[in-house]
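*Asks:* The structure that follows is given in the form of structure tokens.
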Amino acid sequence: MDLVIARPEGLYCPPGDFYIDPWKPVDRAVITHAHSDHARVGHGHYLAQTDSEGTLRTRLGADINLQTLPYGEAVVHNGVRLSLHPAGHVLGSAQVRLEHGGRVWVASGDYKTEPDGTCTPFEPVPCDTFITESTFGLPIYRWPTQAQLSAEINEWWRRNAEEGRASVLLCYAFGKAQRILHGADVSIGPIVVHGAVEPLNAVYRAAGVALPPTLRVTDPEVNPQMLKRDHADWPGLQKAIAGTGAERVFVTHGSVAVLVRWLTENGLEAQGFKTEYGDEDVADRAEAPSVAPPAEPPTEAPA
Ligand SMILES: [Zn+2]
Ligand SMILES: [Zn+2]
């Protein structure tokens, strides 16, 4: 029996009788991270990584029935040994490792292989079967390093400051905003953030992540835009999948068909999983008022 199957409610573990990031209300949900397309309201019981508590309660309500688990610690539920491992995507993001009947499956959630200083870096988890996202699963996607990106932003900001111009950066409130702040050179000038960003900054600071001081602005004209580099790029996906040693790979939201074909050509047993993830930015846009929609990357409909 497979340890994870796709059901209308979401990815389901039959022996454990629980779901991973379900998109419809269920009794027991394991949540990989607090982005809106993975963490939804209405579940009876939530299990998530310890560092996700602040963001989950901020977003889903202080009173959700939430059990937390540190990275690497296991719980056994209906004979399934479950543990959470760093995914490097946002604060508290986790891969879900399931062990049952001598088999090991890992569901990645969203992940990014390059460390960025705002969350625990991705760790490859050996497994037989790996369920991977594929948001940027096309060879054209190759990110500059976080250091390069921060240097470019700081250089642009410094130049504007010297010419007496304010610099405005547009990005999403949870994850991306904190990555940019983490790399900002505070010697250039004061930083003002949108009202949607500051509560999440507070959660990151409480978790010990170094963010510069920020002032708050609730300017409704602020218009978010894609700075979507907190998913793995094409080389990152290859590296992560190879790092698991898995022989079987299920591909979720993103460029499913392309990644499945590439994996099959490289000798792995690969297939797509139909999921309803992938619009975290659309969902998160509600938190930062938008005037024009950001350009979406080319993605294929889930297989
Ligand atoms: Zn995400
Ligand atoms: Zn996602």
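Residue numbering for the sequence shown follows the numbering used here, beginning at 39 and increasing consecutively.
In this text, a Cβ means the ideal position worked out from N, Cα and C, and glycines have one as well.
1) Tell me the DSSP bridge mates of Phe212?
2) Give me, in chain order, the residues of the same chain whose beta-carbon lies closer than 6 angstroms to that of Gly283; leave out the 5 immediate sequence neighbours on both sides.
3) With DSSP as the reference, please indicate the residues paired to His232 in a beta bridge.
4) Using 8 angstroms as the cut-off, can you tell me whether the segment 188 to 196 makes contact with the segment 215 to 222, which would need three or more C-beta pairs spanning the two stretches below that distance?
5) How many Å lie between Leu41 and Cys51 at the Cα?
6) Leaving out the 5 sequence neighbours to the left and right, which residues in its chain are closer than 8 angstroms to Leu253 when beta-carbon positions are compared?
7) Using a 10 Å radius around the Cβ and a threshold of 16 neighbouring Cβ atoms, would you call Pro159 buried or exposed?
8) Suppose contacts are defined by Cβ-Cβ distances below 8 angstroms. Is Arg135 in contact with Val128 by that definition?
9) Roughly how many angstroms separate the alpha carbons of Leu120 and Ala270, rounded to a whole number?
10) Looking at ligand 2, does it come within less than 7 angstroms of Gly48, judged from the CB to the closest heavy atom?
11) How many Å lie between Tyr84 and Asp101 at the Cα?
12) Quick one: using the 10 Å Cβ neighbour count with 16 as the cut-off for buried, is Trp194 buried or exposed?
13) By alpha-carbon positions, which one of Gly54, Gly80, Arg299 ends up nearest to Trp61?
14) Looking at C-alpha atoms only, which residue of Ala132, Lys150, Phe168 is the closest neighbour of His76?
15) In the DSSP output, which residue or residues are listed as bridge partners for Ser121?
16) In whole angstroms, what separates the C-alpha of Gly130 from that of Pro124?
17) By the three-class DSSP mapping on this structure, what secondary structure does Thr151 have?
18) Find out if the Cβ-Cβ distance for the pair Lys150, Gly281 is shorter than 8 angstroms.
19) Quick check: the segment 171 to 180 against the segment 289 to 300, are there 3 or more CB pairs under 8 angstroms?
20) In the DSSP assignment, find the alpha helix (DSSP H) that holds Ser188 and state where it starts and stops.
21) Which same chain residues end up closer than 6 angstroms to Glu91 when comparing Cβ atoms and leaving out the 5 residues on each side of it in sequence?
22) So, at 7 angstroms on beta carbons, what are the nonlocal neighbours of Thr183 in its own chain, with the 5 sequence-adjacent residues on each side left out?
23) Which parts of the segment 290 to 315 are runs of the alpha helix (DSSP H), unbroken and 4 residues or longer, counting only runs that do not cross its ends?
24) Please find out if some non-hydrogen atom of ligand 1 comes closer than 7 angstroms to the beta-carbon of His71.
25) Could you tell me the alpha carbon to alpha carbon distance between Asn103 and Val241, rounded to whole angstroms?
26) For Ser205, tell me which candidate among Phe212, Ala211, Arg196 has the shortest Cα-Cα distance.
27) Using DSSP with H/G/I as helix, E/B as strand and the rest coil, what is Pro171?
28) Got a sec, what are the start and stop residues for the alpha helix (DSSP H) Trp32 sits in?
*Replies:* If we stick to the structure as given:
1) As a position in the sequence shown, residue 212 is number 174, starting the count at 1. Phe212 is not bridged to any residue.
2) In the sequence shown, residue 283 corresponds to position 245, counting from 1. So the qualifying residues of the chain are Pro164.
3) The residue given as residue 232 occupies position 194 in the sequence shown. His232 is bridged to Val255.
4) yes
5) As a first step, residue 41 is located in the sequence shown; it is residue number 3 there, counting from the start. As a first step, residue 51 is located in the sequence shown; it is residue number 13 there, counting from the start. The straight-line gap from Cα to Cα measures roughly 5 angstroms.
6) As a working mapping, residue 253 is identified with position 215 in the sequence shown. So the qualifying residues of the chain are Pro228, Ile229, Val230, Val231.
7) Here residue 159 corresponds to residue number 121 of the sequence shown, with the count starting at 1. Pro159 comes out exposed.
8) Against the sequence shown, residue 135 aligns to sequence position 97. Against the sequence shown, residue 128 aligns to sequence position 90. The answer is no: Cβ separation not under 8 angstroms.
9) The residue given as residue 120 occupies position 82 in the sequence shown. The residue given as residue 270 occupies position 232 in the sequence shown. Using only the alpha carbons, I get a separation of about 24 angstroms.
10) Position 10 of the sequence shown, counted from the first residue, corresponds to residue 48. Outside the cutoff, so no.
11) Here residue 84 refers to the residue found at position 46 when the sequence shown is read from its first residue. Here residue 101 refers to the residue found at position 63 when the sequence shown is read from its first residue. Rounded to whole angstroms, Tyr84 to Asp101 spans 11 angstroms at the Cα level.
12) In the sequence shown, the residue the question calls residue 194 occupies position 156. Exposed, since its Cβ has fewer than 16 Cβ neighbours within 10 Å.
13) The sequence position of residue 61 within the sequence shown is 23, counting from 1. It is Gly80 whose Cα lies nearest to the Cα of Trp61.
14) One-based indexing of the sequence shown puts residue 76 at position 38. Here the closest residue by C-alpha is Ala132.
15) What you label residue 121 is simply residue 83 of the sequence shown in a count that begins at 1. According to DSSP, which records beta bridges pairwise, Ser121 is partnered with Ala112, Arg135.
16) Position 92 of the sequence shown holds residue 130. Position 86 of the sequence shown holds residue 124. In a straight line, the C-alpha of Gly130 is about 8 angstroms away from that of Pro124.
17) Here residue 151 is taken as the residue at index 113 of the sequence shown, counted from 1. It is coil, neither helix nor strand.
18) What you label residue 150 is simply residue 112 of the sequence shown in a count that begins at 1. What you label residue 281 is simply residue 243 of the sequence shown in a count that begins at 1. No. Outside cutoff.
19) yes
20) Sequence index remark: in the sequence shown, residue 188 carries index 150 (1-based). That run of the alpha helix (DSSP H) goes 184 to 200.
21) In the sequence shown, residue 91 corresponds to position 53, counting from 1. Here the set comprises Thr106.
22) Counting from 1 along the sequence shown, the entry for residue 183 is found at position 145. Glu152, listed in sequence order.
23) 294 to 303
24) Position 33 of the sequence shown holds residue 71. Under cutoff, so the answer is yes.
25) Counting from one through the sequence shown, the residue named residue 103 turns up at place 65. Counting from one through the sequence shown, the residue named residue 241 turns up at place 203. For Asn103 and Val241, the distance between alpha carbons rounds to 19 angstroms.
26) As a working mapping, residue 205 is identified with position 167 in the sequence shown. Selected option, being the one with the closest Cα: Arg196.
27) Reading the sequence shown from its first residue, position 133 is the one you call residue 171. Going by the sequence as given, residue 171 is Glu instead of Pro. Glu171 falls in the strand class under three-state DSSP.
28) Nothing about residue 32 can be read from this structure; the chain reaches only from 39 to 341.
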